[in-house]
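These protein sequence lines are chains D and L, in that order.
Residue numbers for the first sequence follow numbering that gives the first Met the number 0, beginning at 0 and rising by one.
Residue numbers for the second sequence follow numbering that gives the first Met the number 0, beginning at 0 and rising by one.
Structure first, commentary second.
There are 2 protein chains.
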Amino acid sequence: MNAEPASTDIVAITRDMGARAKAAAVALRSASTATKNTALKGAARRLRADAAAILAANAVDVAAARASGMGAALVDRLALDPTRIEAMARGLDDIVALPDPVGVTIEDWARPNGLRISRVRVPIGVIGVIYEARPNVTADAGALCVKSGNVVVLRGGSDSFHSSRAIVERLRAALAEAGLPADCVQLAPTTDRALVGELLRATDWLDLIVPRGGRSLIDRVTEESRVPVLRHYDGICHVYVDRDADIAMACDIVANAKMRRVSICGAAETLLVDRAALDSHLKPVLDRLFELGCEVRGDSEIRAREPRALPATEKDWRTEYLAPVLSVATVDGVRGAIRHIATYGSQHTEAIVTSNEATAGTFLAEVDSAIVMHNASTQFADGAEFGLGAEIGISTNRMHARGPVGLVELTTYKNVVRGQGTLRP
Amino acid sequence: MNAEPASTDIVAITRDMGARAKAAAVALRSASTATKNTALKGAARRLRADAAAILAANAVDVAAARASGMGAALVDRLALDPTRIEAMARGLDDIVALPDPVGVTIEDWARPNGLRISRVRVPIGVIGVIYEARPNVTADAGALCVKSGNVVVLRGGSDSFHSSRAIVERLRAALAEAGLPADCVQLAPTTDRALVGELLRATDWLDLIVPRGGRSLIDRVTEESRVPVLRHYDGICHVYVDRDADIAMACDIVANAKMRRVSICGAAETLLVDRAALDSHLKPVLDRLFELGCEVRGDSEIRAREPRALPATEKDWRTEYLAPVLSVATVDGVRGAIRHIATYGSQHTEAIVTSNEATAGTFLAEVDSAIVMHNASTQFADGAEFGLGAEIGISTNRMHARGPVGLVELTTYKNVVRGQGTLRP
C-alpha cells in the first residue's frame, strides 16, 4: 500500500506518484495476458478472503459519514456488505474472462514499395481516475486499467478513503504476487483537493483523466485539465414516437426507457411525440407512464389532450431529472424530432420507435449522438448490455471513444512498419 | 467570402463564426460523397482558373513580408507561383479520388437479445485549424475537412492573410455551387491574436483544434485550449543499428533517414549503435554520412573511434536539429536502444536495422512511439507514404489518432443499435 507521506507537499507527492507510475507502465505495457489475469484473479481471491478487513475499513468511512450528517442515500452508496464485496470480486473475474485488446492488429496493408504497415492496439499509458463516494469504482477502474495494460492512479473521495485504501491494498498485493509492479495501481495517499489540481497539470506523465462523479467535478476537470479528459456529461436522452410506431411497442419502450431505473444516465428524460401520432399514440403511452407513477410535464398540445400533465417550461427540455419525471414535446415528424434533439440534447442516447425503415434510417443517420437506437430502450446504453463487458463509463466526448468505454476503448494504437531495407526516394 | 467585420469585437466575431459553423455542420454531416467531390472538383477548377487573382493577392502578402524584413526562407514558404497553385489544385483532385470515410461501418455485432449494434464513422464536427505562413495549408486543410464531413474554421497567419483569403474564396464559391453551405469553410476575418484565445475556449461549438506551426504555437494551444487538440510535437526520431544489421542496409537507411530531407519531422536526429556493432558497422555508416556532408556529434565511445565526430552533450539527445547534424550514441543492444528512446525520444518515429527477427520484434513491441519501423527509413513517416493520401499532419497525441492524420482519422464514430421493441430486463 502507498505509505502515508510524512511530507504534506502535494507537488512532491504527485511527482512521486508520477515517477512510480511511469516506471510501472513500462513493465505493464508488455505484460502477457496470462500475467495480467493472474493478478486480477489474485485480487478477486484477496477481496473475498479479506472481506472482514475491508468491511472494517468501510465501517470507519460509514461512521464518519453518518457523524458528518451525510444523507441516507449517499451513505447507502458508500456502505459495503458481504454481497457487495462478492459483486466486486465477481466483477474482477468477469474482466479476467474478457479478451485482452493489447497487441491486437486493427488493420494491416501493404504498399507498392513492399512496406507492410499495420496498426496494433497498445495501452494508452497512465490513466488518472478521479471519483467520489462509491468504493466499488476502486476495484472496477483498477481492474479495467490493468487488463488493458494501463497504469492507473486513483484519486477517490475523502468519504470513501479507508474503503478504497483497503481495496487497493488487495489489488497491489495481487499485482506483486503475479510479478507485476504494485505501482500499476496507486491510490493518492491524500484527498487534499490540491492534488486534483496537480493531476490535471501532470502532462509529463499522465495520458488521460477519467472523472467519475457529478457535474461540478466534471466541470472542474474540464476547465482546469491540461491532460486529455474522457468524460460523461449529461444524459438528456430522448425517445421519439413516430406516426408509424406500433402502439404497444411504443408503450413498452417508453415505459422501459423512463421507468426501469430512473437514476441511470441512459434513462429517457424527454418523450417526443409526432404530431401525426397525437390522436393514436399519446394516450396509451401516457396511461402506462401514469400507471407506473411517472410525473409528466407536457407542452401546450400535450396538456390540451392530457389534463394530468403539468406544464413544461423551456428549462424542462434541458433537464436530466434522474427521477420519475418525463417531459413530453410535440414535434413535426422525424425532422422535428431531429431538430428538438439537436437543440436540447446532450448527444448521449436517443431512440426512435417506428415501423417505417426509411424514417428510422433518417433518424439514425442524422441524430448526432454517441448512441442512436431504433425500436429499443435507451436503457441499453451500457457497456455490459453492448457486450463489451465492464465499462469505465460512457463517453460523451466526440474524440477517441463515444458511448461505452470498455477495455478496447482504453487502448490506442501504434503504426508498425516493416521493410526490407526500404528507402524513401 | 467572409466580409470584413465592421465591429472589432473579437468575441462577437468568434460567436458569429461559431453559429455559422454549427449550421453548416448539419448540412455537411449528411452530404453525399458525390456532392462533396463536386465541391472539391469545383474548388480545384477555380484555383486554376483564378490563378492570376490568387497570385495578385499573394503578391500583396509577399511585398509586405519583404518590407517587414522577413528572411528569404520564410518569404519562399509564403510565395506562390503557377506551379505551386497547380500543386494545390492537384492536391484537391487527389482528395476527390480518396474514399469517403463517412458512413463506413467499422464493426457490427449481435447480442443474444436480438439487438444488432454497429459502429459507424461520422465526422468529428467543427475543426479549427490554426496555422502560420504557408498558404497551401488553406487549401489542404479545407479540402480534407470537407471530404471528411467536417466544417473547418481556418485561422491563418497575418503574413499570408491575403493569399489565404483568395484561396478560401474559391473554396467557398465551389461549395455554394455544389449546393453546400459556403460556411463549411471559413477563414477568420481578422488575424488578431485574441481571436485564437476565443477559439481555444469555444467548447460550445468547436470540437477539435489542429495547430500547425512551430513549438511556440503548439505550446500556447496546449496550455490554453479547453477544446481537444490534435497536435504534433517534436520529431526526435531514432535509428538503431543492431549487431545483426546488414552493413550495407544500415548505411543506406541511416543516410536516407537523416539526409534525404533534413527539415521534415520524420528525419532521424539520433543514431543509436549497438556496442557489439561498433567495430563492424560504425565506420561504414559514418563514412557515408560524412560523404553526404553530415555533421556528427558522438558520445565518448564514438569519438574514440571516429576523430571527425564532435562531442555530443546531454542536450544533443533531446534536440531536433532539422539540419544536416546527427547525434550518435552507443547503446547496449536492443534493450539499451529502447531505454535511450524512452528517456530522450518524442514518441514520433523510430526504426531498427537488424536481420534478427526476434530482436526486431522486441523493438517493435516495446518502443512506445506513434510509428515503429523495421528495416525502413524514418522518412516514411508520412500520410501519403502510408497510402492514406493527403494528411492534415502527424499526431504525437496518444489518444484518438497516432501518426499520420488523414481522412479516416478526421472522423469519429457513433453506436447504432437496432432492436425489435427490445426492452432491458
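Beta carbons: idealized from backbone N, C-alpha and C, even for Gly.
What you are looking at is a predicted structure, and each value in this text was computed from that prediction instead of being measured.
- Starting from the N-terminal side, write out each stretch of the alpha helix (DSSP H) that is 4 residues or longer and does not extend beyond the segment 90–142 of chain L. Residue ranges of uninterrupted alpha helix (DSSP H) with 4 or more members are absent from the segment 90–142 of chain L; none lies entirely inside it.
- When DSSP labels each residue in this structure, what does residue 343 (chain L) get in the three-state scheme? helix
- Message: With DSSP as the reference, identify every bridge partner of residue 392 (chain L), one or two as the case may be.
- Response: L:404
- Task: Starting from residue 108 (chain L), find everything on chain D with Cβ-Cβ shorter than 8 Å and list it in chain order.
- Result: Correct list: 386.
- Where residue 411 (chain D) meets chain A, residues with beta-carbon distance less than 7 Å: Included in the structure are the protein chains D and L, with no chain A among them.
- Burial state of residue 8 (chain L), where buried means 16 or more other Cβ atoms lie within 10 Å: exposed
- Message: Can you look up residue 326 (chain D) in the DSSP assignment and give me helix, strand or coil?
- Response: Note: residue 326 (chain D) maps to strand in three-state DSSP.
- Whose Cβ in chain L lies nearer than 9 Å to the Cβ of residue 374 (chain D)? 417, 418, 419, 420 and 421
- Sub-8 Å separation of residue 404 (chain L) and residue 386 (chain L) beta-carbons: no
- Task: Please state if the CB of residue 342 (chain D) and the CB of residue 120 (chain D) are separated by a distance shorter than 8 Å.
- Result: no
- Task: Return helix, strand or coil for residue 149 (chain D), following the three-state DSSP convention.
- Result: coil
- Task: Using alpha carbons as the reference points, say which of L:260, L:282, L:71 and L:189 lies closest to residue 300 (chain L).
- Result: L:282
- Buried or exposed: residue 70 (chain L), going by 16 or more other Cβ atoms within 10 Å of its Cβ? exposed
- Three-state class that DSSP yields for residue 305 (chain L) in the structure shown: coil
- Consider the Cβ of residue 279 (chain D): report whether some Cβ of chain L lies at a distance smaller than 8 Å. no
- Item | Per-residue burial, residue 326 (chain L) [other beta carbons within 10 Å of its own, 16 or more giving buried] | buried
- Own chain partners of residue 40 (chain D) with C-beta closer than 6 Å, once the 5 adjacent residues on each side are dropped: Excluding positions up to five away in sequence, the list reads 95.
- Message: I'd like the list of long-range same chain contacts for residue 298 (chain D), defined as Cβ closer than 6 Å, with 5 residues on each side in sequence excluded.
- Response: 311, 328 and 329
- residue 151 (chain L): which of L:208, L:272, L:161 and L:74 sits nearest, CA to CA? L:208
- Item | Collapsed DSSP secondary structure at residue 252 (chain L) in the structure displayed | helix
- Any chain L beta carbon closer than 8 Å to residue 227 (chain D): yes
- Query: Any contact of the segment 332–347 of chain L with the segment 228–238 of chain L, i.e. 3+ C-beta pairs under 8 Å?
  - Reply: yes
- Message: Taking contact to mean 3 or more Cβ pairs, one atom from each stretch, closer than 8 Å, check whether the segment 177–194 of chain D and the segment 12–29 of chain D are in contact.
- Response: Flag = yes, the segment 177–194 of chain D and the segment 12–29 of chain D touch.
- Grab the span of the beta strand (DSSP E) containing residue 35 (chain D) for me, first residue to last. Run containing residue 35 (chain D): none in the beta strand (DSSP E); it sits in the alpha helix (DSSP H), 32–48.
- Message: Does residue 144 (chain D) come out as helix, strand or coil in the three-state DSSP assignment?
- Response: helix
- Query: Should residue 405 (chain D) be flagged as near chain L, meaning a C-beta pair shorter than 8 Å?
  - Reply: Put simply, the CB of residue 405 (chain D) is far from chain L, with every gap to its CB atoms at 8 Å or more.
- Query: Which residues in the same chain as residue 112 (chain L) place their Cβ atom closer than 7 Å to its Cβ, once the five residues preceding and following it in sequence are excluded?
  - Reply: 421
- Task: Identify each residue in the segment 351–367 of chain L for which the Cβ-Cβ distance to at least one residue of chain D is less than 7 Å, and report them in chain order.
- Result: 363, 364, 365 and 367
- Neighbourhood of residue 147 (chain L) by C-beta, 7 Å cutoff - its chain only, sequence neighbours within 5 removed: 100, 101, 122, 406, 409 and 410
- Query: Between the segment 244–259 of chain L and the segment 217–230 of chain L, do three or more beta carbon pairs fall short of 8 Å?
  - Reply: no
- Query: When the distance is taken between beta carbons, is residue 417 (chain D) closer than 8 Å to residue 373 (chain L)?
  - Reply: yes
- Query: Pairing CB atoms from the segment 157–172 of chain L with CB atoms from the segment 126–145 of chain L, are three or more of them under 8 Å?
  - Reply: A contact between stretches requires three or more CB pairs, one per stretch, nearer than 8 Å, and the segment 157–172 of chain L meets this requirement with the segment 126–145 of chain L.
- Residue interval of the alpha helix (DSSP H) (run including residue 283 (chain D)): 282–290
- residue 169 (chain D) lies in the alpha helix (DSSP H); which residues open and close that run? 160–176 is the extent of the alpha helix (DSSP H) around residue 169 (chain D).
- Query: Does the beta carbon of residue 251 (chain D) sit closer than 8 Å to a beta carbon anywhere in chain L?
  - Reply: yes
- Query: Name the DSSP beta bridge partners of residue 372 (chain D), please?
  - Reply: D:350 and L:416
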